[in-house]
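Asks: Okay, handing you the structure first.
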Amino acid sequence: DAGVIQSPRHEVTEMGQEVTLRCKPISGHNSLFWYRQTMMRGLELLIYFNNNVPIDDSGMPEDRFSAKMPNASFSTLKIQPSEPRDSAVYFCASSFGGRNTEAFFGQGTRLTVV
Amino acid sequence: KNQVEQSPQSLIILEGKNCTLQCNYTVSPFSNLRWYKQDTGRGPVSLTIMTFSENTKSNGRYTATLDADTKQSSLHITASQLSDSASYICVVSAAFSGGYNKLIFGAGTRLAVHP
């Protein structure tokens, strides 16, 4: 398996533009997580899907952020409109099974909003 | 409040030496504790995962310990190599109903191994 695949790896956009980050989880995994990592705040959970249904979106910073999981093999995280403070590395992770299973992370998307 | 604190914040050691990283947590209800290694520019990779009943687990040169009574964990690296240079993140899972775990991340310890 190729692991969790994220695209793009890098994104530079101007303030106010819409940004869409994409994630393909590991085949067969039923849980998907979006995280944001910055130097100041470390890793933060944004949203968690289980069986394609959003279970916990309490980490989504504000209405400018939205996430979808239309099927088991694809998820998007959208920021509209983007702001410079959204600049961070965004990770997608997936896992399968119960509470004590491992989460596998993608390589991340480095977003820079100028 | 669920929190995970790691120490030291950063550490420099010479190749071949051992080191120990610390993690203290206040997370409830506790489900498991994980140590991740994150190389620069890459996603975190799991090293160990321990449940309440486990107090030690090894993965090659990495050995993690867990004291659920004092809510402390450590990650011991033996005979360090240059490739061990990375951030090490302690992650504690809080268990919720329906099988859902919420992961609480520490800020990480940045380890640099010098030749």
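If you read the protein sequences in the order shown, they are chains A and B.
Take the first sequence: its position 98, counting from 1, is numbered 101 in our numbering, and each next residue is one higher.
Take the second sequence: its position 53, counting from 1, is numbered 155 in our numbering, and each next residue is one higher.
C-beta atoms are modelled at their ideal positions from N, C-alpha and C, and glycine is treated no differently.
Remember, it's a predicted structure, so these values are computed and weren't measured experimentally.
(1) Bridge partners of Lys204/B, per DSSP?
(2) Here's a check: name, in chain order, each residue in its chain whose Cβ is nearer than 7 Å to the Cβ of Pro131/B, leaving out the five neighbours to either side.
(3) Return the chain-ordered list of same chain residues with a C-beta closer than 7 Å to the C-beta of Gly31/A, the five sequence neighbours on each side being excluded.
(4) Could one say the Cβ of Gly31/A lies closer than 7 Å to chain B's Cβ atoms, at least one of them?
(5) Among Asn203/B, Arg136/B, Gln124/B and Gly145/B, which has the Cα closest to the Cα of Met152/B?
(6) Return no unless some Cβ of chain A is closer than 7 Å to the Cβ of Ser185/B.
(7) For His13/A, write down the residues that DSSP places opposite it in a beta bridge.
(8) Report back the beta-carbon spacing between Ser173/B and Ala166/B to the nearest angstrom; my notes put them in contact at under 8 Å.
(9) For Gly162/B and chain A, any beta-carbon pair shorter than 7 Å?
(10) Tell me the DSSP bridge mates of Asn74/A?
(11) Counting Cβ pairs, one atom from each stretch, are 3 or more of them under 8 Å apart for the region 106–118 of chain B and the region 177–189 of chain B?
(12) Assuming Pro146/B contacts Ile191/B (C-beta within less than 8 Å), just tell me the rounded distance between them.
(13) Identify each residue in the region 51–85 of chain A for which the Cβ-Cβ distance to at least one residue of chain B is less than 8 Å, and report them in chain order.
(14) At what residues does the beta strand (DSSP E) containing Thr180/B begin and finish?
(15) Quick check on the burial criterion: 16 or more other C-beta atoms within 10 angstroms. Buried or exposed for Lys103/B?
Replies: According to the structure shown:
(1) Walking along the second sequence from the start, residue 204/B turns up at place 102. Answer is Ala196/B, bridged to Lys204/B.
(2) Residue 131/B sits at position 29 when you count from the first residue of the second sequence. Excluding sequence neighbours, Pro131/B sits near Ala196 and Ala197.
(3) The sequence position of residue 31/A within the first sequence is 28, counting from 1. Only Phe99 meet the Cβ criterion.
(4) As a first step, residue 31/A is located in the first sequence; it is residue number 28 there, counting from the start. No - not a single Cβ of chain B is within 7 Å of the one on Gly31/A.
(5) For the purposes of this step, residue 152/B is taken as residue 50 along the second sequence, with counting starting at 1. Answer by Cα proximity: Arg136/B.
(6) The sequence position of residue 185/B within the second sequence is 83, counting from 1. In terms of beta-carbon proximity, Ser185/B stays away from the interface with chain A, with every pair separated by 7 Å or more.
(7) Here residue 13/A refers to the residue found at position 10 when the first sequence is read from its first residue. Note: His13/A sits in a beta bridge opposite Arg113/A.
(8) Taking the first residue of the second sequence as 1, we reach residue 173/B at position 71. Taking the first residue of the second sequence as 1, we reach residue 166/B at position 64. Just to set this straight, residue 173/B is Lys in the shown sequence, not Ser. At roughly 14 Å, the Cβ-Cβ gap does not stay under 8 Å, so Lys173/B and Ala166/B are not in contact.
(9) By 1-based counting over the second sequence, the position of residue 162/B is 60. Output row for Gly162/B: interface = no.
(10) Position 71 of the first sequence holds residue 74/A. Beta-bridge pairing links Asn74/A to Phe77/A.
(11) Yes, they touch.
(12) Taking the first residue of the second sequence as 1, we reach residue 146/B at position 44. Taking the first residue of the second sequence as 1, we reach residue 191/B at position 89. Correct: roughly 6 Å between the Cβ atoms.
(13) So the list reads Tyr51, Asn53, Ile58 and Asp59, given in the order they occur along the chain.
(14) Counting from one through the second sequence, the residue named residue 180/B turns up at place 78. Taken as a continuous stretch (DSSP letters only), Thr180/B belongs to no beta strand (DSSP E), as it is neither H nor E.
(15) Position 1 of the second sequence, counted from the start, is the residue given in the question as residue 103/B. Counting every other CB atom within 10 Å of its CB across the protein chains shown gives Lys103/B a total below 16, marking it as exposed.
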